[in-house]
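First up is the structure itself, then whatever we jot down about it.
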Amino acid sequence: MLCTIALMPVEEISPATLIALIVELQIVEATYVLTADADLFAQGMDSLAIMQLLLHVEQRYGIRIPPGEMTRERFATPAVLAAWLSDTASRLSA
Amino acid sequence: MQRVDVIVAGGGSAGVAAALNAARAGARTLLIERQTKLGGAGVNALVHTFCGLFHPDVSRPWAWLNAGVPVEIGEMMLERTGQSAPDLMGRVYVLRQHPALYAQIADELCAAERNLTWMCGVEWSGLERAADGWSVQVVTRGTCVELRCKAVVDTTGDAIGARLLDPALCAQAEAARLYRPAYVCALHQVKGVHDDSWRLALGARIVRGIKEGRLPESALGAAFRDSPFAGEVFITIDLEAGQADWDPLDAVKRARVEVAGRETALRLWHLLRAEHPDFALTPPPELPTQAGIRESARYIGDYVLTGGDLAACRRFDDECALAGWPMEMRENARGPKFRFFDRPEPAGIPAGCLRRSTVPGLFFAGRCLSADHEALASVRVMGTCMATGQAAGKMAVDFAAGC
Numbered sequence: 001m002l003c004t005i006a007l008m009p010v011e012e013i014s015p016a017t018l019i020a021l022i023v024e025l026q027i028v029e030a031t032y033v034l035t036a037d038a039d040l041f042a043q044g045m046d047s048l049a050i051m052q053l054l055l056h057v058e059q060r061y062g063i064r065i066p067p068g069e070m071t072r073e074r075f076a077t078p079a080v081l082a083a084w085l086s087d088t089a090s091r092l093s094a
Numbered sequence: 001m002q003r004v005d006v007i008v009a010g011g012g013s014a015g016v017a018a019a020l021n022a023a024r025a026g027a028r029t030l031l032i033e034r035q036t037k038l039g040g041a042g043v044n045a046l047v048h049t050f051c052g053l054f055h056p057d058v059s060r061p062w063a064w065l066n067a068g069v070p071v072e073i074g075e076m077m078l079e080r081t082g083q084s085a086p087d088l089m090g091r092v093y094v095l096r097q098h099p100a101l102y103a104q105i106a107d108e109l110c111a112a113e114r115n116l117t118w119m120c121g122v123e124w125s126g127l128e129r130a131a132d133g134w135s136v137q138v139v140t141r142g143t144c145v146e147l148r149c150k151a152v153v154d155t156t157g158d159a160i161g162a163r164l165l166d167p168a169l170c171a172q173a174e175a176a177r178l179y180r181p182a183y184v185c186a187l188h189q190v191k192g193v194h195d196d197s198w199r200l201a202l203g204a205r206i207v208r209g210i211k212e213g214r215l216p217e218s219a220l221g222a223a224f225r226d227s228p229f230a231g232e233v234f235i236t237i238d239l240e241a242g243q244a245d246w247d248p249l250d251a252v253k254r255a256r257v258e259v260a261g262r263e264t265a266l267r268l269w270h271l272l273r274a275e276h277p278d279f280a281l282t283p284p285p286e287l288p289t290q291a292g293i294r295e296s297a298r299y300i301g302d303y304v305l306t307g308g309d310l311a312a313c314r315r316f317d318d319e320c321a322l323a324g325w326p327m328e329m330r331e332n333a334r335g336p337k338f339r340f341f342d343r344p345e346p347a348g349i350p351a352g353c354l355r356r357s358t359v360p361g362l363f364f365a366g367r368c369l370s371a372d373h374e375a376l377a378s379v380r381v382m383g384t385c386m387a388t389g390q391a392a393g394k395m396a397v398d399f400a401a402g403c
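Chains as they are written, first to last, in the numbering used here: chain B, 1 to 94; chain Y, 1 to 403.
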């Protein structure tokens, strides 16, 4: 029997997909539409919210984020976060 | 049968302030408490921040919001913890407090009042109208005792007086929306500098632990905050508590929450001690006497304070205390959702929220005052409880004096 490892088509990590996830998980108080450059901390994101986000990001994109690389700056905005996650994903799969 | 002027039921932040204010005004005052320490959630549930003590305008230097007992306790706490000012956390001023020192401060303040007696280990078991005021029944270690007083102040947090007298006097939000309980424990001998990045890295380790099955999912509700004393870190774990099935007044569900809190705290400690160098020497956590309950039953008074009143910084002719803490809603274990006041100004809490004219001589303050679900998210905090407590104490004395 031939075993094949099916590579899951991984959704692209973009500011838009992250914003969708943040809204779905109610990570911040999105009283208005979140933009790619919105300040997530000013929108109420705290350490609990980041854990939720991290758990779902790792599950959805199949990546594993090294705890030592977590900094506040990397979670500043959806655009910054998407860039870092994309970089981490390509680095770790390389 | 013991007769006093005022009985204050519940020795938390509201009850201590109420009892002090009543005793200082000359009333013979009895404070009854079911735990063995005064200070309520700030002592028995290890809730380690005084919120609601300060004026909400953080563009200006910090300032006390309500004069009297809140300032007295706040100043003693500042001095004993070696702090010179509260912390500015985002858009609010917060005073980190220490549970052991709060117990000591409450003991000292109460002991200084010769009109004030306090009883511990006492469950409130009955409330009835008597010819000359109120009959209050309590149970202590198998003995039922009847006490008499002219005025009662209910600062139990759970509106126990209403539940004993007439449950129609109180209400409770539906289970799914009740603010979640918090299980707080203290860790000692924690090394390192605990900045945002440290907290985020800790969060990532917790996520890893959950994914690998070494931590329960409830660990996602954990937040870390430094005590004012080096090496001590408090973990606050928001628990889902069965979400739509939660009832803080159901003893079996309450026991489940206590067990879930302990289990989460101990497993977090075990993982961190094994994996994180800053926790390598940390002994097992110091556990609270009980989980912190953010919301249960509260009175329906002459006026029900609303979230809209607070957001609009509404002021009242008969206001007796000021609220300044944002509405900090915690309907799930995924972190708070804040509704800030529309302007950086305090809002008034009217006397009608602490009494009901159809039940003269019964007053209420603290977490069980008359407010809607949204307003409660602001007025339940300890600094505001001290303020409403002292107001209710004064109202009880004035009522007793007129008897």
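Built from N, CA and C at the ideal position, the CB exists for glycine as well.
- prompt: Under the three-state reduction of DSSP, which class applies to residue 198/Y: helix, strand or coil?
  reply: DSSP places residue 198/Y in helix when its eight states are reduced to three.
task: Return the first residue and the last residue of the alpha helix (DSSP H) that residue 52/B is part of.
output: Residues 47–61.
query: Under a three-way DSSP split, which group does residue 361/Y fall into?
result: DSSP places residue 361/Y outside both helix and strand once states are collapsed to three, so it counts as coil.
task: Give the secondary structure of residue 325/Y by DSSP, where H, G and I count as helix, E and B as strand, and everything else as coil.
output: Of the three classes helix, strand and coil, the one that applies to residue 325/Y here is coil, per DSSP.
- request: Starting from residue 204/Y, find everything on chain B with Cβ-Cβ shorter than 7 Å and list it in chain order.
  value: Result: 54, 65, 67, 70.
query: Along chain Y, in chain order, which residues have C-beta atoms closer than 8 Å to that of residue 43/B?
result: Among the residues of chain Y, none has a CB under 8 Å from the CB of residue 43/B; the nearest is roughly 10 Å distant.
query: Which residues, taken in chain order from the region 329–358 of chain Y, show a beta carbon closer than 9 Å to some beta carbon of chain B?
result: Going along the region 329–358 of chain Y in chain order, one finds 332, 333, 334, 335, 336, 337, 338, 339 with a Cβ nearer than 9 Å to chain B.
task: Round the Cβ separation of residue 352/Y and residue 327/Y to the nearest angstrom and send it over; I've been treating them as touching at under 8 Å.
output: Between residue 352/Y and residue 327/Y the beta-carbon gap is near 20 Å, outside 8 Å, which marks them as no contact.
task: Please report the Cβ distance between residue 77/B and residue 40/B, rounded to the nearest whole angstrom; I am assuming they are in contact, meaning their Cβ atoms lie under 8 Å.
output: With a Cβ gap of about 6 Å, residue 77/B and residue 40/B count as contacting.
field: Residue range of the unbroken alpha helix (DSSP H) whose run includes residue 269/Y
entry: Membership of residue 269/Y in the alpha helix (DSSP H) is indicated by the continuous run 251–275.
query: Under a three-way DSSP split, which group does residue 76/Y fall into?
result: It is helical.
query: Just by C-beta distance, which residues in the region 196–230 of chain Y are closer than 8 Å to chain B?
result: Hits within the stretch, in order: 196, 197, 199, 200, 201, 202, 203, 204, 205, 206, 207, 208, 210, 211, 220, 221, 222, 223, 224.
- prompt: If you count every other CB in all the chains shown that lies within 10 Å of the CB of residue 291/Y, and 16 or more means buried, which is it?
  reply: Buried: at least 16 other Cβ atoms inside 10 Å.
query: Which residue spans inside the region 139–191 of chain Y form an unbroken beta strand (DSSP E) run of at least 3?
result: Contiguous beta strand (DSSP E) elements confined to the region 139–191 of chain Y occur at 143–149, 151–154, 182–187, taking only those with 3 or more residues.
task: Say whether chain Y places a C-beta atom closer than 8 Å to the C-beta of residue 101/B.
output: In the structure as shown, chain B begins at 1 and stops at 94. Residue 101/B is therefore absent and cannot be evaluated.
message: Tell me the residue span of the alpha helix (DSSP H) that contains residue 382/Y.
response: First-last of the alpha helix (DSSP H) with residue 382/Y: 382–401.
field: Proximal chain Y residues relative to residue 96/B, where beta-carbon distance stays under 8 Å
entry: Any question about residue 96/B goes unanswered here, given that chain B covers just 1 to 94.
- prompt: Does the beta carbon of residue 50/B sit closer than 8 Å to a beta carbon anywhere in chain Y?
  reply: Using a CB distance cut-off of 8 Å, residue 50/B counts as an interface residue toward chain Y.
message: Please state the DSSP three-state secondary structure of residue 117/Y.
response: Residue 117/Y carries a strand assignment under DSSP once its states are collapsed to helix, strand and coil.
- prompt: Excluding five sequence neighbours on each side, which residues of the same chain lie with their C-beta closer than 8 Å to the C-beta of residue 214/Y?
  reply: Result list for residue 214/Y: 267, 271, in chain order.
query: Looking only at its own chain, which residues have a Cβ that is under 6 Å from the Cβ of residue 80/Y, when we skip the five neighbours before and after it?
result: Contacts found: 101.
- prompt: Considering residue 24/Y, what are the terminal residues of the beta strand (DSSP E) in which it resides?
  reply: First-last for residue 24/Y: 13–24, but that is the alpha helix (DSSP H), not the beta strand (DSSP E).
- request: Could you check the C-alpha separation between residue 8/B and residue 255/Y for me, to the nearest Å?
  value: Unreliable positioning characterises residue 8/B in this predicted model, as indicated by a pLDDT of 47, which lies under 50. The coordinate reading is nonetheless provided below. Approximately 43 Å, taken between the alpha carbons.
- prompt: Whose C-alpha, out of 129/Y, 137/Y, 300/Y, 283/Y, is nearest the C-alpha of residue 371/Y?
  reply: Looking at the Cα atoms, 300/Y is the closest of the given residues.
Opposing strand residues paired with residue 238/Y [DSSP bridges]: Residue 238/Y is bridged to 182/Y.
query: With which residues is residue 135/Y paired in a DSSP beta bridge?
result: According to the DSSP secondary-structure assignment, residue 135/Y is paired through a beta bridge with 128/Y, 148/Y.
message: Helix, strand or coil for residue 123/Y? Go by DSSP, reduced to three states.
response: In the structure shown, residue 123/Y sits in a strand (DSSP, three-state: E or B).
message: Measuring alpha carbon to alpha carbon, tell me which residue in 93/Y, 27/Y, 78/Y, 346/Y is nearest residue 150/Y.
response: Nearest of 93/Y, 27/Y, 78/Y, 346/Y to residue 150/Y, Cα basis: 27/Y.
message: DSSP has residue 49/Y in a bridge; who is on the other side?
response: For residue 49/Y, which the question treats as bridged, DSSP gives the partners 96/Y.
Limits of the alpha helix (DSSP H) - the one that residue 17/B falls within: Per DSSP, residue 17/B belongs to the alpha helix (DSSP H) from 15–24.
message: In the DSSP output, what is residue 337/Y paired with across the bridge?
response: Paired residue(s): 329/Y.
- prompt: Cα-Cα, which of 13/Y, 118/Y, 261/Y is closest to residue 72/Y?
  reply: Answer by Cα proximity: 13/Y.
- request: Name the two residues that bound the continuous beta strand (DSSP E) containing residue 291/Y.
  value: According to the DSSP assignment, residue 291/Y belongs to no beta strand (DSSP E), since it is labelled neither H nor E.
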